[in-house]
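Notes follow the structure.
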Amino acid sequence: MHLSNRDGVAVDPVPFVVVSGLAALMLLSFGPLYGQALGAPLSVALSASIGLTAVAAGVAYYRHIWTAQPAVDRALSVGLRAERLFQLMVILAVVFVGLAIPLIV
110 MHLSNRDGVA VDPVPFVVVS GLAALMLLSF GPLYGQALGA PLSVALSASI GLTAVAAGVA
170 YYRHIWTAQP AVDRALSVGL RAERLFQLMV ILAVVFVGLA IPLIV
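The sequence shown lines up with residues 110 to 214 when you count with the working numbering.
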């Protein structure tokens, strides 16, 4: 997949794919359940989740593809990027557990 930013410079699509995939995973997993818990029919809850997934993909595209600056991103050290990755993994795990607790209780 060859994607370029608004300046025509080639951009790595992996961050976009990862963010979009995680957003879809979270929204399509928890959205219909929470929608039904709030009294919405399954079709409405699923439609809302799909719509929010499309919005999240659009925001991720804008952030990670359209406005990306590869020269600035390469200036970050590998250690700093790894540290951010591990911090975000912990945050994501906490969010998933936090979203699952009300459905269990």
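Quick reminder that beta carbons are idealized off the backbone N, C-alpha and C, glycines included.
Buried/exposed call for residue i, threshold 16 Cβ in 10 Å
i           : result
alanine 209 : exposed
serine 158  : buried
Beta-carbon gap between residue i and residue j smaller than 9 Å
i              : j           : result
serine 138     : alanine 165 : no
isoleucine 174 : leucine 112 : yes
Reduced DSSP category for residue i - H, G, I as helix; E, B as strand; rest coil
i           : result
serine 113  : strand
alanine 180 : helix
alanine 215 : Nothing can be reported for residue 215: it is not among the residues displayed for the chain, which extend from 110 to 214.
valine 120  : strand
serine 186  : coil
Identity of the residue in the options nearest residue i by Cα
i           : options                   : result
leucine 136 : Ala154, Asp121 and Met110 : Ala154
leucine 131 : Ala163, Gly117 and Leu142 : Ala163
Short CB-CB distance (under 9 Å) between residue i and chain B
i           : result
leucine 185 : Absence of chain B from the displayed structure is noted, only one protein chain being present.
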